[in-house]
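Numbering-wise (this note's numbering), the sequence shown opens with residue 291 and increments by one.
Idealized CB from N, CA, C, for every residue including glycine.
In this text the structure is predicted, and so the values were computed from the model without any measurement.
Everything on this sheet refers to the single structure shown next.
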Amino acid sequence: MDLSITGDPVLVHKDTQVQVGIHLEPGTFTVTRDGEDFAVYHALVQFASVDAAPWAAQEVKFSAAGADGQATGFTVELLNDAFDGPRTDAPAVVWKIVALAATSAGDVGITYAAPGRA
Numbered sequence: 291m292d293l294s295i296t297g298d299p300v301l302v303h304k305d306t307q308v309q310v311g312i313h314l315e316p317g318t319f320t321v322t323r324d325g326e327d328f329a330v331y332h333a334l335v336q337f338a339s340v341d342a343a344p345w346a347a348q349e350v351k352f353s354a355a356g357a358d359g360q361a362t363g364f365t366v367e368l369l370n371d372a373f374d375g376p377r378t379d380a381p382a383v384v385w386k387i388v389a390l391a392a393t394s395a396g397d398v399g400i401t402y403a404a405p406g407r408a
């Protein structure tokens, strides 16, 4: 392969979005919906920074399997209805997942603190 690459890539902080996927140990995280338990095995966290504002976690998409082995997905919206801050009703464990993803994304400049912690 003949390949030539030039330049120095710079991350643009104008309406930038980053999605970070993390694999979870099966059996460590369970979502219950309508009385049925689902074992979560993957989380995809979407972060955004608009016009060089601090990074914010917008949503988490979970991949899970039910007792029958059937795969399903769940999305947890993390911004409040006014889109100006975090939801107050999101479970604390979801913010732990976001913090794990933010740690994985540190190399793209994401710094993150869970709501209520600076």
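Item to check | Beta-carbon proximity check, residue 338 vs residue 307, cutoff 7 Å | outcome: yes
Item to check | CA nearest to the CA of residue 327, picked from 371, 385, 377, 363 | outcome: 363
Checklist entry - Beta carbon of residue 354, beta carbon of residue 330: below 7 Å? => result yes
Item to check | Endpoints, the alpha helix (DSSP H) within which residue 392 is located | outcome: 382 to 394
Checklist entry - Given a threshold of 16 other Cβ atoms within 10 Å of its Cβ, counted over all protein chains shown, does residue 347 qualify as buried or as exposed? => result buried
Item to check | Buried or exposed by the 16-neighbour rule on C-beta atoms within 10 Å, applied to residue 352 | outcome: buried
Next on the checklist: Please determine whether the Cβ atom of residue 338 lies at a distance below 6 Å from any heavy atom of the ligand MN.
Outcome noted: The model on display carries no ligand, and the ligand MN is accordingly not part of it.
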